[in-house]
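A short worksheet on the structure shown next.
4 protein chains.
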Amino acid sequence: MLGSILDLHGLFPPIPTPFDETGAIDSAALAEHIRFLSAFDLSGYVVLGSNGEAVHLSNDERDRLVKMARALVPKDRLLIVGTGCPSTRQTIETSKQAASLGADAVLVLPPHYYRGRMTMEALAAHFHAVADAIDIPVIIYNMPACTGMDLDTVTIAAIAEHANIIGLKDSGGNIAKLGVLHQMLGDGFQILAGSASFLLPALSVGAVGGVLALVNIAPAQCLSIQENVQEGNWDRAREIQVQLIEANTAVTSRWGVAGLKAAMQMMGLPSSFVRAPLLDLREPGLGQVKQILKKSNIL
Amino acid sequence: MLGSILDLHGLFPPIPTPFDETGAIDSAALAEHIRFLSAFDLSGYVVLGSNGEAVHLSNDERDRLVKMARALVPKDRLLIVGTGCPSTRQTIETSKQAASLGADAVLVLPPHYYRGRMTMEALAAHFHAVADAIDIPVIIYNMPACTGMDLDTVTIAAIAEHANIIGLKDSGGNIAKLGVLHQMLGDGFQILAGSASFLLPALSVGAVGGVLALVNIAPAQCLSIQENVQEGNWDRAREIQVQLIEANTAVTSRWGVAGLKAAMQMMGLPSSFVRAPLLDLREPGLGQVKQILKKSNIL
Amino acid sequence: MLGSILDLHGLFPPIPTPFDETGAIDSAALAEHIRFLSAFDLSGYVVLGSNGEAVHLSNDERDRLVKMARALVPKDRLLIVGTGCPSTRQTIETSKQAASLGADAVLVLPPHYYRGRMTMEALAAHFHAVADAIDIPVIIYNMPACTGMDLDTVTIAAIAEHANIIGLKDSGGNIAKLGVLHQMLGDGFQILAGSASFLLPALSVGAVGGVLALVNIAPAQCLSIQENVQEGNWDRAREIQVQLIEANTAVTSRWGVAGLKAAMQMMGLPSSFVRAPLLDLREPGLGQVKQILKKSNIL
Amino acid sequence: MLGSILDLHGLFPPIPTPFDETGAIDSAALAEHIRFLSAFDLSGYVVLGSNGEAVHLSNDERDRLVKMARALVPKDRLLIVGTGCPSTRQTIETSKQAASLGADAVLVLPPHYYRGRMTMEALAAHFHAVADAIDIPVIIYNMPACTGMDLDTVTIAAIAEHANIIGLKDSGGNIAKLGVLHQMLGDGFQILAGSASFLLPALSVGAVGGVLALVNIAPAQCLSIQENVQEGNWDRAREIQVQLIEANTAVTSRWGVAGLKAAMQMMGLPSSFVRAPLLDLREPGLGQVKQILKKSNIL
Numbered sequence: 002m003l004g005s006i007l008d009l010h011g012l013f014p015p016i017p018t019p020f021d022e023t024g025a026i027d028s029a030a031l032a033e034h035i036r037f038l039s040a041f042d043l044s045g046y047v048v049l050g051s052n053g054e055a056v057h058l059s060n061d062e063r064d065r066l067v068k069m070a071r072a073l074v075p076k077d078r079l080l081i082v083g084t085g086c087p088s089t090r091q092t093i094e095t096s097k098q099a100a101s102l103g104a105d106a107v108l109v110l111p112p113h114y115y116r117g118r119m120t121m122e123a124l125a126a127h128f129h130a131v132a133d134a135i136d137i138p139v140i141i142y143n144m145p146a147c148t149g150m151d152l153d154t155v156t157i158a159a160i161a162e163h164a165n166i167i168g169l170k171d172s173g174g175n176i177a178k179l180g181v182l183h184q185m186l187g188d189g190f191q192i193l194a195g196s197a198s199f200l201l202p203a204l205s206v207g208a209v210g211g212v213l214a215l216v217n218i219a220p221a222q223c224l225s226i227q228e229n230v231q232e233g234n235w236d237r238a239r240e241i242q243v244q245l246i247e248a249n250t251a252v253t254s255r256w257g258v259a260g261l262k263a264a265m266q267m268m269g270l271p272s273s274f275v276r277a278p279l280l281d282l283r284e285p286g287l288g289q290v291k292q293i294l295k296k297s298n299i300l
Numbered sequence: 002m003l004g005s006i007l008d009l010h011g012l013f014p015p016i017p018t019p020f021d022e023t024g025a026i027d028s029a030a031l032a033e034h035i036r037f038l039s040a041f042d043l044s045g046y047v048v049l050g051s052n053g054e055a056v057h058l059s060n061d062e063r064d065r066l067v068k069m070a071r072a073l074v075p076k077d078r079l080l081i082v083g084t085g086c087p088s089t090r091q092t093i094e095t096s097k098q099a100a101s102l103g104a105d106a107v108l109v110l111p112p113h114y115y116r117g118r119m120t121m122e123a124l125a126a127h128f129h130a131v132a133d134a135i136d137i138p139v140i141i142y143n144m145p146a147c148t149g150m151d152l153d154t155v156t157i158a159a160i161a162e163h164a165n166i167i168g169l170k171d172s173g174g175n176i177a178k179l180g181v182l183h184q185m186l187g188d189g190f191q192i193l194a195g196s197a198s199f200l201l202p203a204l205s206v207g208a209v210g211g212v213l214a215l216v217n218i219a220p221a222q223c224l225s226i227q228e229n230v231q232e233g234n235w236d237r238a239r240e241i242q243v244q245l246i247e248a249n250t251a252v253t254s255r256w257g258v259a260g261l262k263a264a265m266q267m268m269g270l271p272s273s274f275v276r277a278p279l280l281d282l283r284e285p286g287l288g289q290v291k292q293i294l295k296k297s298n299i300l
Numbered sequence: 002m003l004g005s006i007l008d009l010h011g012l013f014p015p016i017p018t019p020f021d022e023t024g025a026i027d028s029a030a031l032a033e034h035i036r037f038l039s040a041f042d043l044s045g046y047v048v049l050g051s052n053g054e055a056v057h058l059s060n061d062e063r064d065r066l067v068k069m070a071r072a073l074v075p076k077d078r079l080l081i082v083g084t085g086c087p088s089t090r091q092t093i094e095t096s097k098q099a100a101s102l103g104a105d106a107v108l109v110l111p112p113h114y115y116r117g118r119m120t121m122e123a124l125a126a127h128f129h130a131v132a133d134a135i136d137i138p139v140i141i142y143n144m145p146a147c148t149g150m151d152l153d154t155v156t157i158a159a160i161a162e163h164a165n166i167i168g169l170k171d172s173g174g175n176i177a178k179l180g181v182l183h184q185m186l187g188d189g190f191q192i193l194a195g196s197a198s199f200l201l202p203a204l205s206v207g208a209v210g211g212v213l214a215l216v217n218i219a220p221a222q223c224l225s226i227q228e229n230v231q232e233g234n235w236d237r238a239r240e241i242q243v244q245l246i247e248a249n250t251a252v253t254s255r256w257g258v259a260g261l262k263a264a265m266q267m268m269g270l271p272s273s274f275v276r277a278p279l280l281d282l283r284e285p286g287l288g289q290v291k292q293i294l295k296k297s298n299i300l
Numbered sequence: 002m003l004g005s006i007l008d009l010h011g012l013f014p015p016i017p018t019p020f021d022e023t024g025a026i027d028s029a030a031l032a033e034h035i036r037f038l039s040a041f042d043l044s045g046y047v048v049l050g051s052n053g054e055a056v057h058l059s060n061d062e063r064d065r066l067v068k069m070a071r072a073l074v075p076k077d078r079l080l081i082v083g084t085g086c087p088s089t090r091q092t093i094e095t096s097k098q099a100a101s102l103g104a105d106a107v108l109v110l111p112p113h114y115y116r117g118r119m120t121m122e123a124l125a126a127h128f129h130a131v132a133d134a135i136d137i138p139v140i141i142y143n144m145p146a147c148t149g150m151d152l153d154t155v156t157i158a159a160i161a162e163h164a165n166i167i168g169l170k171d172s173g174g175n176i177a178k179l180g181v182l183h184q185m186l187g188d189g190f191q192i193l194a195g196s197a198s199f200l201l202p203a204l205s206v207g208a209v210g211g212v213l214a215l216v217n218i219a220p221a222q223c224l225s226i227q228e229n230v231q232e233g234n235w236d237r238a239r240e241i242q243v244q245l246i247e248a249n250t251a252v253t254s255r256w257g258v259a260g261l262k263a264a265m266q267m268m269g270l271p272s273s274f275v276r277a278p279l280l281d282l283r284e285p286g287l288g289q290v291k292q293i294l295k296k297s298n299i300l
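Protein chains in written order, with the working numbering: chain Z, 2 to 300; chain C, 2 to 300; chain P, 2 to 300; chain D, 2 to 300.
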């Protein structure tokens, strides 16, 4: 269907960057986590996204992380790297570096510091300059909770005119907007849900998969939504979807990366710290996360 | 499943109040429109909602409209009447009046003028006082685009504790929130999508139907989404859903009631005017609506 | 300077409507409150504004309140009546009624229920229709906290083109916007601060006075800001301004009308209840208001 | 009054970083601009703020810019350097570097990428860690238009508890909030207006000066507001204030850094380009800026 375009169907975990107690990247924890996930039929992995605390890493650390990830991710799975920076020149440089280190695609957050000036024209020029500069595809990353800027359909369509811009990860959750985009841009523009809270709703308006924090701790349940849809088991897909929302909220909007890292520890997955100004989760939050994971049959 | 609770499964058109060129209610147009809709398997009708321009009607006009609607709506279909007013006393009075005129349920918009003071406690007290005062059920009406206030799950759950408050019409479109509500409150609390743009997504997290402006002009297409879901035809349901979003946007968020009334006229349905400060749709809007209706196979 | 235009220089209390324990309007309390205020050099009185809980009153109650106020307010002081309603026809009718009952000007809140459709064109048409229909002047009432809609300078200027629209009460508090408006529209368009929290700042960009909830309980202090400015005592004006902000916040954004009514009771002014869904202030709020009033030298 | 605390009274231009046509920092232009400004009685200079496009610079470029600025700024004038970064560790490192290169104070933007988790506790810990790590003072930089986060009074007061955090630059423009802060924190906490649009209003509630983009092109007019206030000429101060708002808006919220750089060129000051994704100003914007500068008696 997509010809030579990179196929984004399926689910992708946005890997949290593990930090040890000294604040350094914990490469052993990263390896263990990706090993755990490789037992599931995931389509690939995202590193250096919001869950990866990319904004908290130095340039050197980002490069090291991409190298580690490329060595750990099997060749038949995609490695997608977050490369959005405030300036076009930095974003191009970072994207080139990711490509040279083996990324299959880059996930580009729109620049947002001067959001009052980020017109459609400015954003299209930015994304097109990045897409021109590299020969791996670009995925747009709409993340209003972090950027304070919710890309509208007209702007996304203008950005998507470039042949090397192949899709969108949307964490905004305006489902009707995703449906409009799918109708406007067709199957050649691949939409990924940015949150497990609306995976099935997004699939119901044409999304092809998702980049979901929850996949890090509940890959089987997330995958079963998409599988049940493919097998026509709507009612079962709906049951699973509804059961996952509270747990997903706990590790995303409610407690964020700290919640996700705490949940990983509770499940016996590699544990790690967040970097300041983020604060590690404490009681009573820890107890609440545990209770939610149990109720959701994840723990 | 719901025992003695009023069953809200299915689709409900929010009827626009027809005004003639003098600004008076056009009772013949109302009759003709409901006659048109009665050929479809709708579960009932909503009057005096946002599409009904309830805020533009005098108390006398509201009463007249409910009487007309009750005479026109078959007894085996529900008549739901919007009765939310700024004060609790007015809302109670209006709701009692609706009940006495034959309404099967009331749809209550939260008071929102003093939104900074509309705490969970204030809103629960308001809704409970209304639910206590009448013996027909109450449906909560979450409509952030008009109220500037998006009821959160904890507030809705607090309101829903009253046995006579049986459901929610949600026009906010935060699908994940609907899923959380369904998980929190179970099947006894009936969720209705407030917009055709997210009917299938809402059904995918537990909604039982919808109050959809688009049903006024495209009842067959809207009904076919729910039917295809029930028959397990996910792919077909998704196709129809995606095709309807643009047309729905035209008669809701983009051009509002004026867009809906213009679309009705284009389709040979009873035409009517809006009341100021709303402005009737003009060119180029009219041409755009026509084009969208054709593209969506409604016209 | 203003020729024949009604002069709005000075301060105006927005009178809270007093309700007795049965919920009825307490006319004795109203009389007592206006008598208390008449000892100060106020320019007039506003009734049926946000502090007057106009949205909680029936049409009959509104008429009665205007009649009472007209009888109580000395002829050499202005009586300004809030008359904004959701529809243009209701606003015209209410404004005509206010004029016939002796109002000197009307204060018109923009219609806001269909705020997505309240374009500059729709709002200008609304205000111009009202200004055409009556022969007393119209004052625009910008109140984003209640309407969810912050009128911009271009829209206000378009509305202000009508000769019978003479000013603006602004409760939004964007001071730079007031300065732009003053520069755009000149001395013929009279700007009133809508909150004592920014009276001096508003005067510093060209406002001529204010409609201030705090005047109800602290008329002398509020007046002294404007007096000190006129006498060139900038430092003293600034000291008083800064001292009043916390008390003003208590009776406006923090606890609203209930806070104002509680403060009036504490000061020995006529006490009264709010109407539901507003809730009367309770502890610990009552104690906090008392403490703030003492600290601010009001109590 | 402030004892040993660095005195922030007066006006500070936030210097735009000049880029030549190749995108490199233009050190000659920087020198020329600071030479122009040194003829006026400014209290100091801010570099690497929002107007300085700090987010578009590499670490090396930032260091070079601070060195140049320190060499250019007379010893009896303050050099304030923007050092806010997304992580606490980067902010500390950058602040230490600025101190070692001769900065008199650092201006710290709150981290905002994970704004949903930036609780009062997280922000206070961040600012206190920075203030502990350096021995030059810290100024808080509230800039909602860029961060999507408007620090409230309680949060600012919690941050300000640290003895080495001496003030606030506020670009939000909520004047009442500045008044509350001044009353809460007293003269020891120095408030600077972040925009010339509300310099006089801010002074009217206790601010001691401003960091104003407009000072770059209109230092004499900006200084005259503060001078007239000190001399008791309220009416003249008000006239100048009102005249400057439109020009200030042109070089801040309306056209941003590109507008400021265009205005500098029109005035014969060193001209330079912005870095992408920002776009240099073009027609018709250029003509509009010119007209506004003339109307405001700046050009």
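Just so it is clear, CB atoms sit at the ideal spot from N, CA and C, and this is done for glycine as well.
Computed from a predicted model, the values in this text were never measured in an experiment.
Query	Result
Could you name the residues that DSSP lists as bridge partners for Leu186(Z)?	Answer is none; Leu186(Z) lacks a bridge partner.
Could you tell me which chain D residues have their CB closer than 7 angstroms to the CB of Asn175(P), listed as they occur along the chain?	Gly174
If you draw a straight line from the C-alpha of His127(C) to the C-alpha of Ala106(C), how long is it?	17 angstroms
So which residues of chain D does His183(P) contact, with C-beta pairs closer than 7 angstroms?	Val243
Apply the 10 Å Cβ neighbour rule to Lys178(Z) and answer buried if 16 or more other Cβ atoms are within range, or exposed otherwise.	buried
Chain Z beta carbons: is any one of them nearer than 7 angstroms to that of Leu287(C)?	no
Can you tell me whether Pro17(C) is buried or exposed? The criterion is at least 16 other CB atoms within 10 Å of its CB, across all chains shown.	buried
Gly233(D) versus chain P: which residues are under 7 angstroms apart at the beta carbon?	Gly233 and Trp235
Taking all protein chains shown into account, decide if Ala138(C) is buried (16 or more other Cβ within 10 angstroms of its Cβ) or exposed.	First, the residue type needs correcting, since residue 138(C) is Pro and not Ala in the sequence shown. By the 10 Å Cβ count, Pro138(C) comes out buried.
What would DSSP say about Ala29(P), mapped onto helix, strand or coil?	helix
For chain Z, is any of its Cβ atoms less than 7 angstroms away from the one on Pro202(D)?	no
Along the alpha helix (DSSP H) that carries Phe41(D), what are the first and last residues, could you check?	Per DSSP, Phe41(D) belongs to no alpha helix (DSSP H) and is neither H nor E.
Secondary structure at Val74(Z), three-state DSSP: helix, strand or coil?	coil
So, with DSSP's three-state summary, where would you put Ile293(P)?	helix
Give the secondary structure of Met2(P) by DSSP, where H, G and I count as helix, E and B as strand, and everything else as coil.	In this prediction, Met2(P) scores a pLDDT of 37, lower than 50, which makes its location untrustworthy; the coordinate-derived value is nonetheless stated afterwards. If DSSP states are grouped into helix, strand and coil, Met2(P) belongs with coil.
Starting from Phe199(P), find everything on chain D with Cβ-Cβ shorter than 7 angstroms and list it in chain order.	Ile176 and Ala177
Considering Asn143(D), what are the terminal residues of the alpha helix (DSSP H) in which it resides?	Run containing Asn143(D): none in the alpha helix (DSSP H); it sits in the beta strand (DSSP E), Val139 to Asn143.
Is there a C-beta anywhere in chain C that falls below 7 angstroms from the one on Ser88(P)?	yes
Exposed or buried, what is Gln222(D) when buried is set at 16 or more other beta-carbons lying within 10 Å of its beta-carbon?	buried
Confirm, please, whether the CB-CB distance from Ser205(D) to Leu201(P) is below 7 angstroms.	yes
Take Ala219(P) and list the residues in its own chain whose beta-carbon comes closer than 6 angstroms to its own, dropping the five residues that flank it on each side.	Ile299
For the segment 273–291 of chain P against the segment 20–29 of chain D, do three or more pairs of beta-carbon atoms, one drawn from each stretch, fall closer than 8 angstroms, so that the two count as touching?	no
Does DSSP put Gly211(P) in a helix, a strand or coil?	strand
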